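Numbering (the numbering used here), first residue to last: 7 to 210. All C-beta atoms in this analysis are idealised placements derived from N, C-alpha and C, irrespective of residue type, glycine included. Remember, it's a predicted structure, so these values are computed and weren't measured experimentally.
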Amino acid sequence: MYHNHQKTIERYARQSPEHFARILQFVILTVRVPLYRVRQDTSTAAQGGADALGVLWGWKHNAYNAAQDGAENSLAYLEHCQAHYGDERERAQAMLEHVADLPGFGLAKAGFVLQLAFGLAGCLDTHNLSRFNISASTFKDFKARSTKKARERLSQKYIDAVYALGGPSTLWDSWCEYVATNQASTYDDAEHVSRLHCEALDLT
Numbered sequence: 007m008y009h010n011h012q013k014t015i016e017r018y019a020r021q022s023p024e025h026f027a028r029i030l031q032f033v034i035l036t037v038r039v040p041l042y043r044v045r046q047d048t049s050t051a052a053q054g055g056a057d058a059l060g061v062l063w064g065w066k067h068n069a070y071n072a073a074q075d076g077a078e079n080s081l082a083y084l085e086h087c088q089a090h091y092g093d094e095r096e097r098a099q100a101m102l103e104h105v106a107d108l109p110g111f112g113l114a115k116a117g118f119v120l121q122l123a124f125g126l127a128g129c130l131d132t133h134n135l136s137r138f139n140i141s142a143s144t145f146k147d148f149k150a151r152s153t154k155k156a157r158e159r160l161s162q163k164y165i166d167a168v169y170a171l172g173g174p175s176t177l178w179d180s181w182c183e184y185v186a187t188n189q190a191s192t193y194d195d196a197e198h199v200s201r202l203h204c205e206a207l208d209l210t
């Protein structure tokens, strides 16, 4: 699943800042929303107008717009990291810190962006924290850390946890299996869950 769907998304995401912006916006739209609904929310948000405010509630509206405005600089920085950091974990940590500092993002959703667009890190969302018995507060408040060193310690802890749990591909596939099993009336199987990431971005 991961090796098919993530690669499709990565090829798309890295083609242009506009494409990368759509990845950031897709991830914003997944917050507190079931995956099956995100495709419609993505379409609604893109159309703008009054209906868009229904899916871009609260902080999402500003984060969604900021993703578009800052995509060119962010993608350039991430591609620089990808090219110049030889060690995968160091690369993932540097990139994670950048995305986590963007409006509306924290470590978990930044990890999701990197998983989608670069095949790095992963999303330790509430489902994963629960099934791996990790406290919900473990990776919170990245932006509230008072020093650069404190942020680095937390981001490194996050990356260490991702790879201790099997890395990007294992996290993706096991999350899809988990969601499909626990919401069997909504999803056909794990492959269906995985494929919805591509469908939400109109990549199928």
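Count the other CB atoms, across all protein chains shown, that sit within 10 Å of the CB of D75; report buried if there are 16 or more and exposed otherwise. Residue mapping note: residue 75 aligns to position 69 of the sequence shown, counting from 1. Classification of D75: exposed, given that the 10 Å Cβ count is below 16.
So what does DSSP say about Y8, is it helix, strand or coil? Position 2 of the sequence shown, counted from the start, is the residue given in the question as residue 8. Of the three classes helix, strand and coil, the one that applies to Y8 here is helix, per DSSP.
Using DSSP with H/G/I as helix, E/B as strand and the rest coil, what is K146? On the sequence shown, residue 146 is found 140 positions in, with the first residue counted as 1. Three-state result, K146: coil.
What is the DSSP secondary structure of V39, reduced to helix, strand or coil? Taking the sequence shown and counting its residues from 1, the one referred to as residue 39 is at position 33. V39 falls in the coil class under three-state DSSP.
Sorted by chain position, which residues of the same chain lie with C-beta nearer than 6 Å to A27's C-beta, five sequence neighbours on each side aside? Numbered from its first residue, the sequence shown carries residue 27 at position 21. So the qualifying residues of the chain are A73, Q74, A77.
Can we say the region 54-69 touches the region 137-154, given the rule of at least three CB pairs closer than 8 Å? no
Residue interval of the alpha helix (DSSP H) (run including G76): Mapped onto the sequence shown, residue 76 falls at position 70. 66-90 is the extent of the alpha helix (DSSP H) around G76.
Rounded Cβ spacing between Y164 and G117 (contact assumed at less than 8 Å): Along the sequence shown, one-based indexing puts residue 164 at 158. Along the sequence shown, one-based indexing puts residue 117 at 111. Yes, they are in contact, since the Cβ atoms of Y164 and G117 sit about 7 Å apart, within 8 Å.
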